[in-house]
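With my numbering applied, the sequence shown closes on residue 467, and no number is skipped along the way. Taking it in order: structure first as structure tokens, then the write-up.
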Amino acid sequence: MKVTDIFKPPFRADGAFIYSADGVMCLMAANCRYYPREMMNRIVQLINGESKPTKKADVGVNFSEICINGDPVLTVRGWEHLTGTLNLSMEEAEKRQAEFAVWVVERLKGQEDTI
353 MKVTDIFKPP FRADGAFIYS ADGVMCLMAA NCRYYPREMM NRIVQLINGE
403 SKPTKKADVG VNFSEICING DPVLTVRGWE HLTGTLNLSM EEAEKRQAEF
453 AVWVVERLKG QEDTI
């Protein structure tokens, strides 16, 4: 099963949260008190493949956080969906969250899907 079968595009932003096509909260702004709406909408454009990045940034994963230029920007969510709805083991759920984080990073960098 591909990670996009679990966290299905297209994604949408709603405040500090990003949801999959089937309503699963999959990403959250790392700082819920400060999340520019434009930033969340731009992230959605990039991960939906509607746009390509215009600047090169250092984008990476630190556990369940997606960082840009070393600063946490997003936190991967969806634990209840993975362990509850899909009934995955904790180990498998962790693996799927990590795969999704890598997929998001690749999209933010403008790379094609590899997962």
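Virtual Cβ for every residue (Gly too), placed ideally from N, Cα, C.
| field | Sufficient close CB pairs (3 or more, under 8 Å) joining the segment 381-388 to the segment 451-463 | value | The count of Cβ pairs closer than 8 Å, one atom from the segment 381-388 and one from the segment 451-463, stays below three, leaving the stretches out of contact.
message: Here's the rule I'm using: 16 or more other beta-carbon atoms within 10 Å means buried, otherwise exposed. How should GLY430 be labelled?
response: In the sequence shown, residue 430 corresponds to position 78, counting from 1. Using a 10 angstroms sphere on the CB of GLY430, the tally of other CB atoms reaches 16 or more, which defines it as buried.
Problem - Pick from VAL413, GLU458 and ASN393 that is closest to GLY367, judged by C-alpha positions - result: The count along the sequence shown starts at 1 and reaches residue 367 at position 15. Across the set VAL413, GLU458 and ASN393, the C-alpha of ASN393 shows the shortest separation from the C-alpha of GLY367.
Worksheet item: What is the DSSP secondary structure of MET377, counted as helix, strand or coil?
Response: Position 25 of the sequence shown, counted from the start, is the residue given in the question as residue 377. The answer is strand: DSSP assigns MET377 an E or B state.
In the DSSP assignment, the alpha helix (DSSP H) including ARG364 goes from what residue to what residue?
Locating residue 364 in the sequence shown gives position 12, where the first residue counts as 1. Residue range 364-366 is occupied by the beta strand (DSSP E) that includes ARG364, with no alpha helix (DSSP H) assigned at that position.
- Where the beta strand (DSSP E) containing GLU451 begins and where it ends: One-based indexing of the sequence shown puts residue 451 at position 99. DSSP places GLU451 in no beta strand (DSSP E) but in the uninterrupted alpha helix (DSSP H) bounded by 442-460.
Checklist entry - Does DSSP put GLY422 in a helix, in a strand, or in coil? => result Locating residue 422 in the sequence shown gives position 70, where the first residue counts as 1. If DSSP states are grouped into helix, strand and coil, GLY422 belongs with coil.
* Asked: Taking the alpha carbon of VAL413 as the point to measure from, which residue in CYS378, ASP423 and LYS407 has its own alpha carbon closest?
  -> For the purposes of this step, residue 413 is taken as residue 61 along the sequence shown, with counting starting at 1. Minimum Cα distance to VAL413 is reached at ASP423.
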